[in-house]
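Peer 1:
Numbering (our numbering), first residue to last: 4 to 253.
Right, dumping it as structure tokens:
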């Protein structure tokens, strides 16, 4: 398996739901608005601020950095403790596609596709980064770890890795973050096995290895050993979590 770990034990629901009652007894709400589409939703203020302490105003504007579909996943998680991607193939992420236009829908064919669980969770992690919500980022990372721990995951492409390693500017990081490190580790650990990492689009791989020095060092270090040697030690989910002990979960 891609991570070397049985996927079963890792996916945990957020450990709070009693605050649902407060939505009735204390109806203070915050509007999260998607500026480009003018779509948005009202959510319970205290529940939101408990996991997103940086959100203090009655309206929070996402601008056009995230898609409405990703916002829906966040609201679903906030109120139920989970979002549930469908087991299907969807259109792959593209580095030049504006996030506001990203849709999550089934596609046919074998080119330019990825697993919905992977796509949704990459986008969810980025939204959690924007909102300052470490619990949501960690939940998305758990989904990613589970997806890559299952047999038959769609091979990771240079395009998807390029999307994850891109400069995210104001609402993300340019250097280190857990999402980048996870994808770098998946590639470096499994390079040479095209059932897991596709070697296609060599120009993009060359670009990533040229422009991303940490990724290049990790890749070159791992290339000195065989895939079997690299995969002898399983990946550890805690490495990629903001809060491995779950102490910040409500």
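Each residue gets a CB set at the ideal place from its N, CA and C atoms; glycine is no exception.
Just to confirm the assignment: which complete alpha helix (DSSP H) runs, minimum length 4, are found wholly within the segment 115-151?
Peer 2: Fully enclosed alpha helix (DSSP H) runs of 4 or longer: 119-134.
Peer 1: Rounded to whole angstroms, what's the CA-CA distance from residue 56 to residue 80? Just pull it up for me.
Peer 2: By one-based count along the chain shown, residue 56 stands at place 53. By one-based count along the chain shown, residue 80 stands at place 77. Roughly 17 Å separates the two Cα atoms.
Peer 1: Output the residue ranges of the beta strand (DSSP E) runs that lie fully inside the segment 29-56 and measure 3 residues or longer, sorted by chain position.
Peer 2: If we require 3 residues or more, the beta strand (DSSP E) runs fully inside the segment 29-56 come out as 32-37, 42-47.
Peer 1: In angstroms with no decimal places, state the Cα-to-Cα distance between residue 69 and residue 122.
Peer 2: By one-based count along the chain shown, residue 69 stands at place 66. By one-based count along the chain shown, residue 122 stands at place 119. When rounded, the distance between both Cα atoms is 13 Å.
Peer 1: Could you round the C-beta distance between residue 164 and residue 184 to whole angstroms and report it? I think they count as a contact, below 8 Å.
Peer 2: Against the chain shown, residue 164 aligns to sequence position 161. Against the chain shown, residue 184 aligns to sequence position 181. That belief does not hold up - the Cβ atoms of residue 164 and residue 184 are roughly 12 Å apart, past 8 Å.
Peer 1: Please determine, among 186, 135, 120, 53, the residue with the shortest C-alpha to C-alpha distance to residue 65.
Peer 2: If you number the chain shown from 1, residue 65 lands on position 62. Ranking the options by Cα distance to residue 65, first place goes to 135.
Peer 1: Can you tell me whether residue 241 is helix, strand or coil according to DSSP?
Peer 2: As a first step, residue 241 is located in the chain shown; it is residue number 238 there, counting from the start. DSSP places residue 241 in helix when its eight states are reduced to three.
Peer 1: Taking residue 166 as the reference, which of 82, 42, 97, 48 has the closest Cα?
Peer 2: To locate residue 166, count along the chain shown from 1; it is residue 163. The candidate whose alpha carbon is nearest that of residue 166 is 97.
Peer 1: Starting from residue 64 and walking both ways along the beta strand (DSSP E), at which residues does that stretch end?
Peer 2: As a position in the chain shown, residue 64 is number 61, starting the count at 1. Unbroken beta strand (DSSP E) run through residue 64: 62-64.
Peer 1: With a cut-off of 8 Å on the beta carbons, I'd call residue 218 and residue 210 a contact; round off their distance for me.
Peer 2: For the purposes of this step, residue 218 is taken as the residue at position 215 of the chain shown. For the purposes of this step, residue 210 is taken as the residue at position 207 of the chain shown. Contact doesn't hold; Cβ gap of about 11 Å is too wide.
Peer 1: Which residues does DSSP list as the beta-bridge partners of residue 159?
Peer 2: Numbered from 1 along the chain shown, position 156 holds the residue referred to as residue 159. According to DSSP, which records beta bridges pairwise, residue 159 is partnered with 200.
Peer 1: Residue 151 to residue 159, Cα distance in whole Å?
Peer 2: Residue numbering aside, residue 151 sits at position 148 when the chain shown is read from its first letter. Residue numbering aside, residue 159 sits at position 156 when the chain shown is read from its first letter. Between residue 151 and residue 159, the C-alpha separation is close to 10 Å.
Peer 1: Alpha helix (DSSP H) containing residue 234: first to last residue?
Peer 2: Residue 234 sits at position 231 when you count from the first residue of the chain shown. Careful: residue 234 lies outside any alpha helix (DSSP H) and carries neither H nor E.
Peer 1: Let me make sure I understand the geometry here. Which of 154, 208, 192, 130 has the alpha-carbon closest to that of residue 144?
Peer 2: Your numbering for residue 144 matches position 141 in the chain shown. Residue 130 is the option with its Cα nearest to residue 144.
Peer 1: Considering only the alpha carbon of each residue, which of 179, 42, 51 lies closest to residue 243?
Peer 2: Mapped onto the chain shown, residue 243 falls at position 240. Ranking the options by Cα distance to residue 243, first place goes to 179.
Peer 1: So who's on the other strand from residue 92, going by DSSP bridges?
Peer 2: As a first step, residue 92 must be located in the chain shown, where it is residue number 89. Looking at the DSSP assignment, residue 92 forms a beta bridge with 118.
Peer 1: Output needed for residue 31: all residues of its chain with C-beta closer than 8 Å, excluding positions within five of it in sequence on either side, in chain order.
Peer 2: Position 28 of the chain shown, counted from the start, is the residue given in the question as residue 31. Excluding residues within five positions, the ones whose Cβ falls inside 8 Å are 47, 48, 49.
Peer 1: Would DSSP call residue 180 helix, strand or coil?
Peer 2: Here residue 180 is taken as the residue at index 177 of the chain shown, counted from 1. Coil at residue 180, not helix or strand.
Peer 1: Judging by CA-CA distance, which residue of 44, 137, 115 is the nearest neighbour of residue 53?
Peer 2: Taking the first residue of the chain shown as position 1, residue 53 is located at position 50. Among 44, 137, 115, the Cα nearest to that of residue 53 belongs to 137.
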